[in-house]
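Numbering (the numbering used here), first residue to last: 613 to 1098. Each residue gets a CB set at the ideal place from its N, CA and C atoms; glycine is no exception. None of the values given here were measured: they were computed from a predicted structure.
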Ligand SMILES: [Zn+2]
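In structure tokens form, the structure reads like this:
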């Protein structure tokens, strides 16, 4: 087994192996040494005196949440149980965020594309640098990306993994997703293949059978990431997914790249179903939005990306008009952040900004805002869970669901006072306010610190990976990418 994964192929191939790896890596949280609460395995956890933003039953003040095993066992006032106690002191307890589109294999080039357009990204990231990535580069980026997601309260992240040139790249991507016990959706893609025959040539089946057990509650689940197209290979790829009950995600409605023709094809092929998530979807006609709504497919709106890169205007107003369900995403940290608070803020700003602009052009003012803070909070949580078909498991603070929970402190300056929880989460809170994170009932961050991820190792792997990639990029090319012409 290659040294990049830190585990053996045999361990990596089995759920037990993944669990064993997790047990080794996460058995000794530093909490005790620093005076923080320790969380003995198997002992229930009681979160007391929280302001619980349930997403399905409103906001519950001064409420306790009992977590037993992987699940939320009880939600109520003054719960008592033999349990390890987390005192929330009025902090906001929300379901973990769900990101439905993030190209995590690019994490080691974080921030390079701050001034890029879509054309700049295609030129540098996809055409020039993407082919340089080795399997260990994918592993390093995904491993840090998983740690980042957990740290930021993104308890489920969709790894839109379209840098998988070889089966070894795919194995590395999956190894990394299992290396941190956050929840992830592995979206298998390959942007470097001239067609989509990679879907049906055996490599996808190999990963699907070797690494996934088909249960929706496996911490990492799988789907296909492809650019749906009306070609022989494209149709075969969609049939392949349908035969295996694999959800599909595709970029769509991207200006200059994909448009109404793609949506018409998907509609006529019978693929515009709830198991399809269309990423961006900003450059489409009303006829396309009508078809998407009728079929039940989801949108993944990446407003922070769309507003800067130009795929199309964030289509939340159209989604509202036609009744299309929305989830949110960050796209890639090469360009933008991995911050779902920012995603909510950008989404709300884009929607309201357009409404004001249109109203002013018509000579009047918007009297009341149509899109609310609570709406984008739903997009970022339950909306994402629905898009991934996981809403019976996650997305709300509900008895019986898996305990994917995020606790935000409310004793920081920016969170004092806290009168309007949804508004606070969207406009006041930031990643630094994420105090405690549970995924599947397990505490992965507490009192502001990841309780087990070896960040030193994660940083070293990314540093080594970047050093290799940078050594393959000519200086002039690197400088030109960092400073694209105005
Ligand atoms: Zn994308």
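Other residues of its chain near residue i: CB distance less than 7 angstroms, five sequence neighbours each side excluded
i	result
residue 804	742, 743 and 777
residue 738	803
residue 864	870, 874, 875, 890, 891, 892 and 893
residue 1040	1026 and 1027
residue 634	Residue confidence for residue 634 is low, a pLDDT of 34 falling below 50, so the modelled location carries little weight; the figure read from the coordinates is stated next. Cβ neighbours of residue 634 beyond the five flanking positions: 793.
residue 637	With a pLDDT of 36 at residue 637, under the threshold of 50, the modelled position of that residue is not reliable, and the figure given next carries that caveat. Contacts found: 1064 and 1066.
residue 1054	793
residue 854	none
residue 946	718, 721, 722, 724, 725 and 737
Sequence-distant residues of its chain with Cβ nearer than 6 angstroms to residue i (five each side left out)
i	result
residue 641	The predicted model places residue 641 with a pLDDT of 38, which falls under 50 and marks its position as unreliable, so this point remains unresolved.
residue 935	905
residue 1093	736
residue 810	802
residue 927	893 and 894
residue 1083	none
residue 734	none
residue 964	981
residue 1088	none
residue 1043	764 and 951
residue 727	1096
8 angstroms CB neighbourhood of residue i in its chain, flanking five on each side removed
i	result
residue 831	630, 790, 793, 794, 795, 796, 1051 and 1052
residue 699	660 and 661
residue 689	674, 675 and 676
CB contact flag (residue i, residue j, <8 angstroms)
i	j	result
residue 1047	residue 757	no
residue 696	residue 1016	no
residue 1115	residue 1096	Nothing about residue 1115 can be read from this structure; the chain reaches only from 613 to 1098.
residue 914	residue 1058	no
residue 1067	residue 720	no
residue 948	residue 956	no
residue 753	residue 717	yes
residue 921	residue 729	yes
residue 971	residue 977	yes
residue 884	residue 909	yes
residue 939	residue 995	yes
residue 929	residue 967	yes
residue 775	residue 798	no
residue 858	residue 834	yes
residue 959	residue 991	yes
residue 1009	residue 766	no
residue 1049	residue 762	yes
Presumed contact (8 angstroms Cβ cut-off) between residue i and residue j, rounded CB distance
i	j	result
residue 773	residue 837	6 angstroms
residue 750	residue 715	About 11 angstroms separates the two Cβ atoms, so there is no contact after all.
residue 1005	residue 1037	Actually they are not in contact, since the Cβ atoms of residue 1005 and residue 1037 sit about 22 angstroms apart, beyond 8 angstroms.
residue 1012	residue 683	6 angstroms
residue 691	residue 678	5 angstroms
residue 708	residue 1018	5 angstroms
residue 879	residue 907	6 angstroms
Closer than 7 angstroms: residue i CB and nearest ligand 3 heavy atom
i	result
residue 992	Ligand 3 is absent from the structure shown, which contains only ligand 1.
Below 6 angstroms from a heavy atom of ligand 1 - residues by beta-carbon: Qualifying residues, in the order they occur: 713, 715, 772, 863, 891 and 943.
Those runs of the alpha helix (DSSP H) which lie wholly inside the segment 679–751 and span at least 4 residues: With a minimum length of 4 residues, the continuous alpha helix (DSSP H) runs that stay inside the segment 679–751 are 730–733.
Which runs of the alpha helix (DSSP H) spanning at least 4 residues fall entirely within the segment 818–860, listed in chain order? Within the segment 818–860, the complete alpha helix (DSSP H) runs of at least 4 residues are 844–855.
Write down every uninterrupted run of the beta strand (DSSP E) in the segment 1006–1074 whose length is 3 residues or greater and which is fully enclosed by it, in chain order. Within the segment 1006–1074, the complete beta strand (DSSP E) segments at least 3 residues long are 1017–1020, 1046–1051 and 1054–1058, listed from N- to C-terminus.
Tell me the start and end of each unbroken alpha helix (DSSP H) in the segment 893–925 that is at least 4 residues and wholly inside, in chain order. As summarised for the segment 893–925, the continuous alpha helix (DSSP H) elements at least 4 residues long and confined to that stretch are 898–907 and 915–921, given in chain order.
In chain order, what are the residue ranges of uninterrupted alpha helix (DSSP H) at least 4 long that sit wholly in the segment 922–961? Runs found: 928–934.
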